[in-house]
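Letter by letter, the sequence shown follows residues 39 to 570 of the working numbering.
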Amino acid sequence: MTGLDYGVLAAYFLLIFGIGFSFARGTRSSQAYFLADRNVGWFAIGTSLFATNISSEHFIGLAGSGATTGLAVGHFEWLAVFMVLTLGWVFTPFYLRSAVFTMPEFLERRYGPACRWYLTTVSVLAYIFTKISVSLYAGSLLLETLLGWDFYTSAVVMVVATGVYTVAGGLSAVIYTELVQAIILLAGAVVLTLLGLREVGGWSALRAQVPADFFSMIRPVSHPDFPWTGIFFGAPILGLWYWCTDQAMVQRVLGARSESDARGGTMLAALLKVTPVFVLVLPGIIAKALYADVNGDNAYPLLVLRLLPSGLTGLMVAALMAALMSSLAATFNSSSTLVTFDVYRKLRPDATEARLVRVGQLATVVMVVLGILWVPFIRGMSSQVFVYLQSVSAYISPPIAVVFLFGVFWPRATRQGAVAALASGAVIGGARFVLEVIKARPLVADSPALTAFVTINFLHFAIVLFLIATTLLVVVSLATPPPPAAQLRGLTFATLEGGYARTPAERATMRWQAPLSIALMLGVIVLWVVFR
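Structure follows, in structure tokens:
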């Protein structure tokens, strides 16, 4: 890092703080603070969705997997195209028409308060112990390598810097800083990829220097990480939960000024999700071809350190910080929204607008403090534990995906059926996680049944848990009285009561949004065929 690099980094921080604090002025309602006054346009929504999704672990993890196994990890990025379009076309209309602030609130309207409490608890705990911890772990390792900062300094600086403008500006600050951060992280990643391709001698030279299967996306059923059965049947279940029901993602479309803006934002995010395979996974393969000392997780830092000239190194470090800060900001903001509306307002329904905003700001501060207190424990954890933490989504997401999916498509789904489905995730998913952590102990190692239970590929496990949750929801729902018609009004496709009245402008927009969405999905299918 030269003086020019630090200048670029300083300019990045000034720009982000300038944008963030510009939304901190004046008196705001809870809708303005938590949902940006429901006045966000499609471009900001799309870039914010992308920036929220791409964090520091993507730079380490995707490039590391690329250096180890090739392009196959990119399946998750391309499958996201279908999932984020599902958010825009299937779920968002229901979310916007119901005018909810949170996903647990929507679940309560459809099923009842028990489902709301379950989703709120699971979401907040997952944010603290997985999203924040994994982002800080990966981001701090990157900054430790690139800037020479020690692990604790890196983590605390990032948490405090992100928390300050998130507390001050609410969702508006988060979304519009994420817009800038998305541009910066994409620009940095594209520059590094192009320089890497030039260094390795071009596309043909790269293919000649790595194993042939590195450019094959479709892997056999026996593959330990990316079996094609798990990819095409298990990964969409995780994607449905993450893109269509997770508060951190959905909160962006809840702030849309119109349904067409929300849908347009998801289309832009879908287009951007095509790029990580080429600008995050591919650099890992390039590092594998260029350097003998690549061991997976160090692939991306090595490229930054050895390829970039003065000035561009600062841009790349800014891009890495942008990735980390955008995801942290989204997590802080969404957690505070859940605590404010699904806990505090539930207990204090007469709270004023000003009190709700203050509670949201205090909740964000608490999340920031918890993030800082969690840093020493993160540093002490083994990398294998972080693999376990990232696989938690496969253990908790299938039942949540089931209750949302059946909630809008099947009016007969009942409160009791939803509770039974969610309980299956708590029991079976929790058992899988605990047993996986202790699988080396005699209790598990000496039992063929338990060994089989913990060693099944996590994507295959997600399929099994999805089928169990579906069976429970259907059987219990049919065995219990149907929900009242008044409760379902406007919450399922069968109870829309004549449809949703769209303006002529919205109808005109839909006429070009539909074919473009189809073209995006067909484009991804073509890419799969090319890299099969």
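Every residue, glycine too, gets a C-beta built ideally from N, C-alpha and C. Quick caveat: nothing in here was measured; it's all calculated off a predicted structure.
- Residues of its chain near residue 146, where Cβ-Cβ distance is below 7 Å and the 5 sequence neighbours each way are ignored: Within the same chain, residue 146 has close Cβ partners 153, 154.
- Item | Residues that DSSP places opposite residue 265 in a beta bridge | 257, per the DSSP bridge assignment.
- Item | Buried versus exposed, by CB contacts within 10 Å (16 or more), residue 453 | Within a 10 Å sphere around the beta-carbon of residue 453 sit 16 or more other beta-carbons, which makes this residue buried.
- Message: Just to check my reading of the structure: residue 445 and residue 439 have Cβ atoms closer than 8 Å, yes? What is that Cβ distance to the nearest angstrom?
- Response: In fact, because the Cβ distance is near 10 Å, the residues do not count as touching under 8 Å.
- Task: Output yes or no for whether 7 Å exceeds the beta carbon distance between residue 109 and residue 319.
- Result: In contact: residue 109 and residue 319 (Cβ atoms closer than 7 Å).
- Contact check, residue 282 vs residue 139 under 8 Å by CB: the rounded distance? The pair is not a contact, with the Cβ atoms about 17 Å apart (cut-off 8 Å).
- On the premise that residue 111 lies in contact with residue 311, defined as a C-beta separation below 8 Å, what is that separation, rounded to the nearest angstrom? So it is not a contact: roughly 14 Å between Cβ atoms.
- Message: Buried or exposed, going by whether 16 or more other CB atoms sit within 10 Å of the CB of residue 468?
- Response: Exposed, by the Cβ-count rule.
- Message: Taking only three categories from DSSP, how would you classify residue 62?
- Response: Judged by DSSP in its simplified three-state form, residue 62 adopts coil rather than helix or strand.
- Message: To the nearest angstrom, how far is the alpha carbon of residue 398 from that of residue 377?
- Response: Looking at the two C-alpha atoms, the distance is approximately 7 Å.
- Item | Residues that residue 294 bridges to, as DSSP identifies them | Paired residue(s): 78.
- Could you pull out every unbroken alpha helix (DSSP H) segment of at least 4 residues lying fully inside the region 114 to 157, listed in chain order? Correct list: 130 to 136, 141 to 148.
- Task: Over the uninterrupted alpha helix (DSSP H) stretch that includes residue 357, give me the two end residues.
- Result: Where residue 357 is concerned, the enclosing alpha helix (DSSP H) stretches over 350 to 377.
- Thinking residue 576 and residue 381 are a contact (beta carbons under 8 Å), I'd like their distance in whole angstroms, please. With the chain covering only 39 through 570, there is no way to say anything about residue 576.
- Query: If we count the other Cβ atoms within 10 Å of its Cβ and call it buried at 16 or more, is residue 56 buried or exposed?
  - Reply: Residue 56 is exposed by the Cβ-count criterion.
- Does DSSP put residue 501 in a helix, a strand or coil? In the three-state scheme derived from DSSP, where H, G and I count as helix and E and B as strand, residue 501 is classed as helix.
- Query: Does the region 247 to 257 come close enough to the region 470 to 490 to have 3 or more Cβ pairs within less than 8 Å?
  - Reply: Two segments are said to touch when three or more pairs of C-beta atoms, one from each, lie closer than 8 Å; by this definition the region 247 to 257 does not touch the region 470 to 490.
- Do you know whose CA, among 346, 557, 202, lies nearest residue 237's CA? Taking only the C-alpha atoms, the option nearest residue 237 is 346.
- Task: Under the assumption that residue 340 contacts residue 325 (Cβ atoms under 8 Å), give the Cβ distance between them as a whole number of angstroms.
- Result: Cβ-Cβ separation between residue 340 and residue 325: approximately 6 Å, consistent with a contact (criterion under 8 Å).
- Query: Roughly how many angstroms separate the alpha carbons of residue 354 and residue 51, rounded to a whole number?
  - Reply: Between residue 354 and residue 51, the C-alpha separation is close to 14 Å.
- Please report how far the alpha carbon of residue 495 lies from the alpha carbon of residue 332, in whole angstroms. Approximately 26 Å between the Cα atoms of the pair.
- In chain order, what residues of the same chain lie with their CB nearer than 6 Å to the CB of residue 87, ignoring the 5 residues before and after it? For residue 87, where only same-chain residues beyond five positions count, the Cβ hits under 6 Å are 290, 307.
- Item | Pairwise C-alpha distance: residue 520 and residue 148 | Straight-line spacing of the CA atoms in residue 148 and residue 520 works out to 12 Å.
- Which of the three DSSP states, helix, strand or coil, is assigned to residue 326? Reduced to three states, the DSSP call for residue 326 is helix.
- Item | Close-in-space but distant-in-sequence residues of the same chain around residue 181 (CB under 6 Å, 5 per side omitted) | The answer, listed in chain order, is 187, 192.
- Message: I need the straight-line Cα distance from residue 401 to residue 161, nearest angstrom please.
- Response: About 14 Å.
- Message: Below 8 Å on the Cβ atoms is my contact criterion, and I expect residue 500 with residue 275 to pass it. Report the Cβ-Cβ distance as a whole number of Å.
- Response: Rounded, the Cβ-Cβ distance is 5 Å, consistent with contact.
- Going by beta carbon distance, what residues of the same chain come within less than 7 Å of residue 422, once the five residues before and after it are set aside? Because residue 422 carries a pLDDT of 46, less than 50, the predicted location of this residue cannot be relied on, and the following value inherits that uncertainty. Around residue 422, the same chain offers no residue with a beta carbon nearer than 7 Å, after the five sequence neighbours per side are excluded.
- Whole beta strand (DSSP E) elements within the region 159 to 246, 3-residue minimum: Here no run is fully enclosed.
- Answer yes or no: do residue 459 and residue 430 have a C-beta to C-beta separation smaller than 7 Å? No, the pair does not count as a contact, with Cβ atoms beyond the cut-off.
- Query: Hey, residue 330 and residue 437: beta-carbon distance below 7 Å or not?
  - Reply: In this structure, residue 437 does not lie closer than 7 Å to residue 330 by Cβ.
- Item | residue 177 and residue 94 closer than 7 Å at C-beta | Their beta carbons are under 7 Å apart, which means residue 177 touches residue 94 by this criterion.
- Item | DSSP-derived helix/strand/coil call for residue 317 | It is helical.
- Message: On the CB-based measure, 16 or more other CB atoms within 10 Å of its CB, does residue 563 come out buried or exposed?
- Response: Classified as exposed, residue 563 has fewer than 16 neighbouring CB atoms from the shown chains inside 10 Å of its CB.
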